[in-house]
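Enquirer:
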Amino acid sequence: MQELLVQLAVFIIAAFLGFELISRVPNMLHTPLMSATNAIHGIVLVGAIIVVATANDAFTIAVGFIAVVLGAMNVVGGFWVTNRMLGMFRPPKTRVKKRKG
Amino acid sequence: MQELLVQLAVFIIAAFLGFELISRVPNMLHTPLMSATNAIHGIVLVGAIIVVATANDAFTIAVGFIAVVLGAMNVVGGFWVTNRMLGMFRPPKTRVKKRKG
Amino acid sequence: MQVATFLAYLVAAVLFVVGIRRLRKPETARSGNTIAAFGMLIALAATFLVIDTNATSVWLLIGGGVLLGGVVGAVSAQRVPMTGMPQMVAAFNGVGGGCIALVALSEFYQGRAETWVAASAGLLTIIIGSVSFAGSIVAFSKLQEIAFTGSVAFPLQQVVNALIFLGVLLLSANVFLDGALAEAVGIPFLSPLISLYILLAASLLLGVLFVIPIGGADMPIVISLLNAFTGLAAAASGFVLENYALLIAGTLVGASGTILTRQMSSALGRPLGKIIFAGIAATGGKQEEDDEEREVNDVSAEDVGSYLKEEANKIVIVPGYGLAVAQAQSPMYELMETLESDGKEVLFGIHPVAGRMPGHMNVLLTEAGVPYAKLYDLEDINPEFEETDAVIIVGANDVVNPAANDEEKDSPISGMPILEVENAKRVIFIKRSLSPGFAGVDNPLFYDTDKTMMLFTDAKQGLQEVTEAVKNA
Amino acid sequence: MQVATFLAYLVAAVLFVVGIRRLRKPETARSGNTIAAFGMLIALAATFLVIDTNATSVWLLIGGGVLLGGVVGAVSAQRVPMTGMPQMVAAFNGVGGGCIALVALSEFYQGRAETWVAASAGLLTIIIGSVSFAGSIVAFSKLQEIAFTGSVAFPLQQVVNALIFLGVLLLSANVFLDGALAEAVGIPFLSPLISLYILLAASLLLGVLFVIPIGGADMPIVISLLNAFTGLAAAASGFVLENYALLIAGTLVGASGTILTRQMSSALGRPLGKIIFAGIAATGGKQEEDDEEREVNDVSAEDVGSYLKEEANKIVIVPGYGLAVAQAQSPMYELMETLESDGKEVLFGIHPVAGRMPGHMNVLLTEAGVPYAKLYDLEDINPEFEETDAVIIVGANDVVNPAANDEEKDSPISGMPILEVENAKRVIFIKRSLSPGFAGVDNPLFYDTDKTMMLFTDAKQGLQEVTEAVKNA
Ligand SMILES: NC(=O)c1ccc[n+]([C@@H]2O[C@H](COP(=O)([O-])OP(=O)(O)OC[C@H]3O[C@@H](n4cnc5c(N)ncnc54)[C@H](OP(=O)(O)O)[C@@H]3O)[C@@H](O)[C@H]2O)c1
Ligand SMILES: NC(=O)c1ccc[n+]([C@@H]2O[C@H](COP(=O)([O-])OP(=O)(O)OC[C@H]3O[C@@H](n4cnc5c(N)ncnc54)[C@H](OP(=O)(O)O)[C@@H]3O)[C@@H](O)[C@H]2O)c1
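Right, here's the structure in full:
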């Protein structure tokens, strides 16, 4: 019970943190940001690996294996594609404010 | 051990949350904000109450009692004074942008 | 060992947070992504540490699976063209949702979801994960134009959705009550496990039905929402597996994804509720086409060149999706240089949703070498049009379409703020035909023969010709 | 019961977060404070639920203590004048630090700090709590001008501090090792408990020595820093007591307090490192006073009135601490009205640290009815001075003192951005004498007889007279 309560506490604080983290991101970063957070939830791969490692029957092994493949795609592809996108945003040489006067 | 690790996790996430929460507060709110967070750490009163409630000897009772008094001052005075300060910030009737053109 | 793993997970979570923080600014975004990826590596390494098995077969399976998925992911990510990014993200999100649904399924199969917490969190994981999987695949198909393009509607759609949702609830209750519900109503063959399979199928169907009525223009928002869903599913499975890495990372993605979705939908001027619950009420435009030929002011590159040279001083260039298709960013840069060497003032007006992904135009133009300082946002450029002599619109339509302001007609772009090019003295379109853009809404500006010049050609060729014409005029 | 308490603590933590969020905007700030206070109420109520005692004496003690402390806190909070707010906050912060140090002490006394985690967190709590307590009391005394005013320095200060800090470390180690350290070096009477008492005293001394060299102008920053310290101590005691309310709330305050401190110090233009490690190198100004009489342009209210009436069109009013002392906000409002009815343009230039607390001037002026739109920030007003005919400076000095820009002299206000009133055509001071302000730095503008008019009088009276003079001129 105590364990569950603590998990709940972690969940709530982390949710607030998530909300706060994304405050007013510039428009042009929406896609990379979506893509990067998408890669982060690829952490589910951890769960899939544990399933395979602790599986005792063929069905679970099969399901787990598919899950591992899918999870790995999510992680690797997600970070990779984000990196490619962000490579397009070359650092501006002189970041002068747009308005002249 | 597990308990401690989880506490550490909570501590770290909460610290990030705290950092994120105060991002670019307008100058004029610095004092009330300081005062309100000051009142919030008055939560130590909870600790002081538990000390008195579980004390077995005179010394602890005395120390705990002083702690309760100090903690209560922190909580009540803190929120009270913040409220008074913020009462001064009357909501602007028309919050037009300062610049005329 | 357990302690080391926990600490590693915590470090990973911190790196995720730091990474997301850095993703908020263009200057630091790329390093943010790298930091988050590094966190992931740590989390995975720590997981290998706790695997308590000596069976090589298990290691082979895991290693093989990771390798297979990783290679497929990396290759697709490397190959996809820039314009295909949104559907790529949709696909990766979908597989993540599928992964987490399968993990939860196997927990039930192995009888591990014993407590009520584990059971309810597990059911939630299966439902959300499947919806996210199926929805993402549909979104992918739409954007890739494989299937379901446009807004697919059928009669009684809402009723069907509601019924399926009810079914999902009942099946969940049955699983939760260990089959007691099915027995009570006299269908004992509906064992918990069979219920689970049906639940999975029903959730997938729900995901499909959720996304098909939504038009392609709203897909980026839907993908972002499904991304938040997958994060939430990961968090729920963190409860089941008592795994803090999943719990924290999933929650972060779920929460930040929710906010991001809201921000995106407000940037595109499309309230989330409208997107989800209405779809787009059958895209008009395309079909409505009144066959009557309407007159346009069809001009040559020379006409454009001499107008620019002789009568225009302040020129605004508005790029759109066609620029990306024609890969015409370098010719555009040259036109800018030529005009500037003639002493003209040249600005770029960048609409937030020009192109097919947020930031699309910024990416292309900075790639071509246009300085940041010349790229003006919607709010910054609109006041400038009043004093502009010529607006050159290259391969764009929706973002300058005044039909968005027409309150009487309900079109897919109604209410979207647009670049108000009609305030300029002259409007020059460079595109191949009169066909409308992504949203399929005809543009009344095409037919304003006094103000508008239409240069019908490919963007790259057109820009090159105009540059020549300016030089020679 | 335990579950209910935990959930209540969680709700309290959420309310704290929501409260702090709302404190970021003036419109919602007050409700944010109320929400946080409500959270505290819930946390306290939940604590009463877990108290496992029937002894009325315990209940009486707790109730009596809370009542006593609460009444003292409320009465002081209600009575303190607006100008005394900073020291009030310092006092409340101090008592909080003292409370938490005593709690940790009693944990040791009762032998509860058994594990190494509890012991180290407990020691940290005692040290930080005591430093915060003593430091806050010193800050209070400085601001209230009871003692330690100005920057108190003595020889070898840094060395003494370092030695005490070393002592604190050694004592902590001795407690941690259960007295083994003292035995090893042959002073066995230094039992863990006695070490603790000495530790407490040494930490208090450290707190005093930390704050006394710092000048009064930097006190708000120091108070904010000590506030963050107390939060951190609360978090540490959360580890000892395994109490998530203390842990979360303390961490939130510790972290947000740290950021707030940095923001305040950058707003005041004073790097944190400089404040802490240098104190202010003996405030010059006051002593340097060269007795030589320097000439000033001493004027009457009538002179000011006729200048304003006849030669000034654009007028900027700069209020300072003296306005608050004289309670002259209403006369100031009337002067504004009078000038505006004559067709003049009147603006207010508000320096971020004018007065004695952030937002001091905004509070006073909006109280008097001056519309928000007329209050200009530092950055917004500075470009306006070029075209300003007259700046009326009411009871301010530091915030308009060009000595801040003098790079050769190191004064307490060096580097602070100021209101550049010297760019205006005329500068009119309304103050009682030539005495400098808070920082004690003389103002060269006083002696610029061409540009400056000095109206030596109380702010309230002066403003009233000037208003009359404008009406009659
Ligand atoms: N940015 C995002 O995040 C995002 C994501 C998804 C959807 N969208 C949607 O995409 C649309 C973007 O608007 P937009 O104005 O940039 O584009 P658009 O309205 O889709 O118009 C693109 C135009 O480019 C022309 N074109 C295509 N290939 C060309 C070529 N090779 N040379 C010259 N012209 C060419 C087409 O006309 P011709 O065929 O006559 O040449 C078409 O009218 C909006 O509706 C937006 O909601 C945006
Ligand atoms: N805002 C904050 O958060 C804060 C907090 C702590 C410290 N501070 C410091 O406080 C200072 C604020 O600068 P400031 O320019 O507002 O004030 P100041 O530099 O302290 O000057 C106040 C002036 O008001 C005059 N005065 C006092 N009573 C008066 C009365 N009844 N009528 C007319 N004049 C009167 C005094 O001169 P006479 O005696 O000649 O009349 C004095 O020169 C800065 O140094 C700042 O760093 C600010």
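Protein chains in written order, with UniProt numbering: chain A, 1 to 101; chain B, 1 to 101; chain C, 1 to 473; chain D, 1 to 473. Here a beta-carbon is modelled for each residue, glycine too, at the ideal position from N, C-alpha and C.
Assuming Gln7 of chain A and Phe385 of chain C form a contact by the criterion Cβ under 8 Å, report the distance between their Cβ atoms to the nearest whole angstrom.
Expert: Looking up residue 7 of chain A in the first sequence gives position 7. Looking up residue 385 of chain C in the third sequence gives position 385. Incorrect: roughly 55 Å between the Cβ atoms, too far for contact.
Enquirer: Report the rounded CA-to-CA distance for Leu252 of chain C versus Ala101 of chain D, giving the unit in angstroms.
Expert: By 1-based counting over the third sequence, the position of residue 252 of chain C is 252. By 1-based counting over the fourth sequence, the position of residue 101 of chain D is 101. Approximately 35 Å, taken between the alpha carbons.
Enquirer: So, does the region 72-79 of chain D touch the region 203-215 of chain D, judging by three or more C-beta pairs under 8 Å?
Expert: With the cut-off at 8 Å, the region 72-79 of chain D and the region 203-215 of chain D do not touch.
Enquirer: Give the interface partners of Leu260 of chain C over in chain B, defined as CB-CB distance under 7 Å, in chain order.
Expert: The sequence position of residue 260 of chain C within the third sequence is 260, counting from 1. In chain order: nothing, as chain B lies at least about 15 Å away.
Enquirer: DSSP state of Leu268 of chain C, grouped into three classes?
Expert: Stepping through the third sequence from its first residue, residue 268 of chain C is reached at position 268. Coil.
Enquirer: Within a Cβ cutoff of 6 Å, which residues of the same chain sit near Lys425 of chain C, ignoring the five residues on either side of it in sequence?
Expert: One-based indexing of the third sequence puts residue 425 of chain C at position 425. Hits under 6 Å: Asp389.
Enquirer: I want to verify the contact list: residues of chain B whose CB lies under 8 Å from the CB of Leu241 of chain C, in sequence order.
Expert: On the third sequence, residue 241 of chain C is found 241 positions in, with the first residue counted as 1. What Leu241 of chain C touches in chain B: nothing, since even the nearest Cβ is about 15 Å away.
Enquirer: Which residues in chain A have a C-beta closer than 8 Å to the C-beta of Leu10 of chain D? List them in chain order.
Expert: Reading the fourth sequence from its first residue, position 10 is the one you call residue 10 of chain D. Near Leu10 of chain D (Cβ distances below 8 Å), the residues of chain A are Leu5, Leu8, Ala9 and Ile12.
Enquirer: If we ignore side chains and look at the alpha-carbon of each, how far apart do Ala147 of chain D and Phe348 of chain D end up?
Expert: Within the fourth sequence, numbered from 1, the residue matching residue 147 of chain D stands at position 147. Within the fourth sequence, numbered from 1, the residue matching residue 348 of chain D stands at position 348. If you take the alpha carbons of Ala147 of chain D and Phe348 of chain D, they lie about 35 Å apart.
Enquirer: At a CB-CB cut-off below 7 Å, which residues of chain A make contact with Phe6 of chain D?
Expert: As a position in the fourth sequence, residue 6 of chain D is number 6, starting the count at 1. Correct list: Leu5.
Enquirer: Return helix, strand or coil for Lys374 of chain D, following the three-state DSSP convention.
Expert: Reading the fourth sequence from its first residue, position 374 is the one you call residue 374 of chain D. DSSP places Lys374 of chain D in helix when its eight states are reduced to three.
Enquirer: Does DSSP classify Lys314 of chain C as helix, strand or coil?
Expert: Here residue 314 of chain C refers to the residue found at position 314 of the third sequence. Note: Lys314 of chain C maps to strand in three-state DSSP.
Enquirer: What's the C-alpha gap between Thr467 of chain C and Glu334 of chain C?
Expert: Residue 467 of chain C sits at position 467 when you count from the first residue of the third sequence. Residue 334 of chain C sits at position 334 when you count from the first residue of the third sequence. Spanning the two alpha carbons is a distance of roughly 7 Å.
Enquirer: Does the beta-carbon of Thr37 of chain B have 16 or more other beta-carbons within 10 angstroms, so that it is buried, or is it exposed?
Expert: Here residue 37 of chain B refers to the residue found at position 37 when the second sequence is read from its first residue. Under this definition Thr37 of chain B is a buried residue.
Enquirer: Just to confirm my understanding: we take Gly71 of chain B, look at its own chain, exclude 5 residues before and 5 after, and list those with CB closer than 7 Å. What are they?
Expert: Counting from 1 along the second sequence, the entry for residue 71 of chain B is found at position 71. The residues are Gly42, Val44, Leu45 and Ala48.
Enquirer: Under 8 Å: do the region 117-129 of chain C and the region 140-160 of chain C share three or more Cβ pairs, one atom per stretch?
Expert: No, the region 117-129 of chain C does not touch the region 140-160 of chain C.
Enquirer: Per DSSP, Leu347 of chain D forms a beta bridge with which residues?
Expert: Along the fourth sequence, read from residue 1 onward, the residue named residue 347 of chain D stands at position 347. Paired residues: D:Val316.
Enquirer: Which whole runs of the beta strand (DSSP E) in the region 430-459 of chain D are 3 residues long or more, in chain order?
Expert: Complete beta strand (DSSP E) runs here, min 3: 452-456.
Enquirer: Indicate whether Phe140 of chain D and Gln87 of chain D have their beta-carbon atoms separated by less than 8 Å.
Expert: Indexing the fourth sequence from 1 puts residue 140 of chain D at position 140. Indexing the fourth sequence from 1 puts residue 87 of chain D at position 87. Their beta carbons are under 8 Å apart, which means Phe140 of chain D touches Gln87 of chain D by this criterion.
Enquirer: Please classify Leu246 of chain D as buried or exposed, where buried requires at least 16 other C-beta atoms within 10 Å of its C-beta.
Expert: What you label residue 246 of chain D is simply residue 246 of the fourth sequence in a count that begins at 1. Classification of Leu246 of chain D: buried, given that the 10 Å Cβ count is 16 or more.
Enquirer: With a threshold of 8 Å between beta-carbons, can Tyr376 of chain D be considered close to chain A, or not?
Expert: Here the question's residue 376 of chain D lines up with position 376 in the fourth sequence. Chain A, which has no Cβ nearer than 8 Å to the Cβ of Tyr376 of chain D, makes this no.
Enquirer: So, do the region 429-436 of chain C and the region 451-463 of chain C have three or more beta carbon pairs nearer to each other than 8 Å?
Expert: They touch, by the three-pair rule.
Enquirer: Which residues of the region 24-48 of chain A have a Cβ closer than 7 Å to any Cβ of chain E? Give them in chain order.
Expert: As a matter of chain content, chain E is missing from the structure shown, whose protein chains are A, B, C and D.
Enquirer: So is Val117 of chain C in contact with chain B if we call contact Cβ pairs under 8 Å?
Expert: To locate residue 117 of chain C, count along the third sequence from 1; it is residue 117. Not an interface residue.
Enquirer: So which of D:Gly305, D:Val363 and D:Tyr307 has the shortest CA-CA distance to Leu323 of chain D?
Expert: For the purposes of this step, residue 323 of chain D is taken as residue 323 along the fourth sequence, with counting starting at 1. Nearest of D:Gly305, D:Val363 and D:Tyr307 to Leu323 of chain D, Cα basis: D:Val363.
Enquirer: At least one CB of chain B closer than 8 Å to the CB of Gly19 of chain D: is that the case?
Expert: On the fourth sequence, position 19 is the one that residue 19 of chain D refers to. So yes, Gly19 of chain D belongs to the interface.
Enquirer: Between A:Val81, A:Leu86 and A:Val75, which has its C-alpha nearest Thr230 of chain C's C-alpha?
Expert: Here residue 230 of chain C refers to the residue found at position 230 when the third sequence is read from its first residue. Checking every option, the nearest Cα to that of Thr230 of chain C belongs to A:Val75.
Enquirer: For ligand 1, is there a heavy atom less than 7 Å away from the beta-carbon of Pro32 of chain A?
Expert: If you number the first sequence from 1, residue 32 of chain A lands on position 32. Not so, every heavy atom of ligand 1 lies at least 7 Å from the Cβ.
Enquirer: Please determine if the region 48-59 of chain B and the region 42-58 of chain D are in contact, where contact requires at least 3 C-beta pairs separated by less than 8 Å.
Expert: In short, these stretches touch, since the Cβ pair count reaches three.
Enquirer: Measuring CB to CB, does Ile50 of chain A end up less than 8 Å from Leu375 of chain C?
Expert: As a position in the first sequence, residue 50 of chain A is number 50, starting the count at 1. As a position in the third sequence, residue 375 of chain C is number 375, starting the count at 1. Result no, Cβ atoms of Ile50 of chain A and Leu375 of chain C do not sit closer than 8 Å.
Enquirer: From this set, C:Asn174, C:Val400, C:Ala104 and C:Leu193, which residue's C-alpha is nearest Gly186 of chain C's C-alpha?
Expert: Within the third sequence, residue 186 of chain C is the residue found at index 186, counting from 1. It is C:Asn174 whose Cα lies nearest to the Cα of Gly186 of chain C.
Enquirer: Applying the 10 Å Cβ sphere with the 16-neighbour rule, what's the burial state of Val3 of chain D?
Expert: Locating residue 3 of chain D in the fourth sequence gives position 3, counting from the first residue. So Val3 of chain D ends up on the exposed side.
Enquirer: By DSSP, does Val353 of chain C sit in helix, in strand, or in coil?
Expert: By one-based count along the third sequence, residue 353 of chain C stands at place 353. Coil.
Enquirer: Can you tell me the Cβ-Cβ gap for Tyr447 of chain C and Arg294 of chain C, rounded? I've got them flagged as a contact below 8 Å.
Expert: Here residue 447 of chain C is taken as the residue at index 447 of the third sequence, counted from 1. Here residue 294 of chain C is taken as the residue at index 294 of the third sequence, counted from 1. With a Cβ gap of about 5 Å, Tyr447 of chain C and Arg294 of chain C count as contacting.
Enquirer: For Pro220 of chain C, count neighbouring Cβ atoms within 10 angstroms of its own Cβ and tell me buried if that reaches 16, exposed if not.
Expert: The residue you call residue 220 of chain C lines up with position 220 of the third sequence. Answer is buried; the Cβ neighbour count reaches 16.
Enquirer: Could you list which residues in chain B have their beta carbon closer than 9 Å to that of Arg24 of chain D, in chain order?
Expert: The residue you call residue 24 of chain D lines up with position 24 of the fourth sequence. Within chain B, the residues near Arg24 of chain D are Leu21, Ile22, Ser23, Arg24, Val25, Pro26, Leu29 and Leu33.
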